Amino acid sequence: MNFIELVHCKIDVENVVELVKTPECGAVSIFLGITRNNFNGKEVKSLKYEAYESMAMKVIATICDEIRLKWPVVVNIAIYHRMGEVKISETSVLIAISSPHRKESLEAVSYAIDTLKSSVPIWKKEEYCDSTGVWKVNKECSWAENSNPS
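For the sequence shown, position 92 matches number 131 in the working numbering, and the numbering has no gaps at all.
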């Protein structure tokens, strides 16, 4: 089963992990993207995420389909992404994937985050402690050049 959410509140990591656990799976691999407090020497206050939400949901569903083709033993996939303000040390993205053995779920999680960053229409603004901020272009995302929200 796929569990896909764009949320405007804190992600409950334990609840999401519980969604993907099953008795037949011996592995749940997890990626947590966490807001760090610095970037290139600047002190970061928070991140702000915006998305073309309906398209983002479709693209994430396609990523889940691709994972199931590449790793047919994968049982459950959860991909949650925060929208709005995400403070320092909070989770901005969570990917959890279950499979009978670790190899497939580890590979699938890596694929999921790389593909999410390169193809899902989600934009990030770094807000700095000096009251400035910058919309970031994801270097993995070729179509996103000059497409930041205003």
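All C-beta atoms, glycine included, are put in the ideal place defined by N, C-alpha and C. This one's a predicted model, so the numbers in the text were calculated from it and none came from an experiment.
Pair within 8 Å by beta-carbon distance, Ala117 and Leu45: no
Opposing strand residues paired with Lys81 [DSSP bridges]: Note: Lys81 sits in a beta bridge opposite Phe78.
Span of the beta strand (DSSP E), counted from its first residue to its last, around Lys49: That residue, Lys49, is in no beta strand (DSSP E); it is neither H nor E in DSSP.
Option in Phe78, Glu57, Leu86 and Arg75 with minimal Cα separation from Ser68: Glu57
Beta-carbon proximity check, Arg121 vs Thr130, cutoff 8 Å: yes
Buried/exposed call for Cys168, threshold 16 Cβ in 10 Å: Residue environment analysis places Cys168 among the exposed positions, since fewer than 16 neighbouring C-beta atoms fall within 10 angstroms of its C-beta.
Which of helix, strand or coil DSSP assigns to Tyr91: coil
Residue environment, Cys48, which counts as buried when at least 16 other CB atoms sit within 10 Å: exposed
Close Cβ partners of Glu92 (< 6 Å) along its chain, the five nearest in sequence each way excluded: Excluding sequence neighbours, Glu92 sits near Leu45.
Sequence ranges, beta strand (DSSP E) only - wholly within the segment 113-177, length at least 3: 115-121, 123-126, 130-138, 161-167 and 172-175
Option nearest Val137 by Cα separation, candidates Asn77, Asp51 and Phe70: Looking at the sequence itself, residue 137 is Ser, so the reference to Val does not match. The candidate whose alpha carbon is nearest that of Ser137 is Phe70.
Cβ-based neighbour list, Glu22, same chain, cut-off 8 Å, excluding 5 preceding and 5 following: Any property of residue 22 remains undetermined from this structure, which presents the chain solely from 40 to 189.
Status (buried if at least 16 other CB within 10 Å, exposed otherwise) for Ser170: When all chains shown are included, Ser170 counts as exposed.
Distance, Val98 Cα to Ile134 Cα: 15 Å
Ala66 to Ile73 span [Cα, whole Å]: 22 Å
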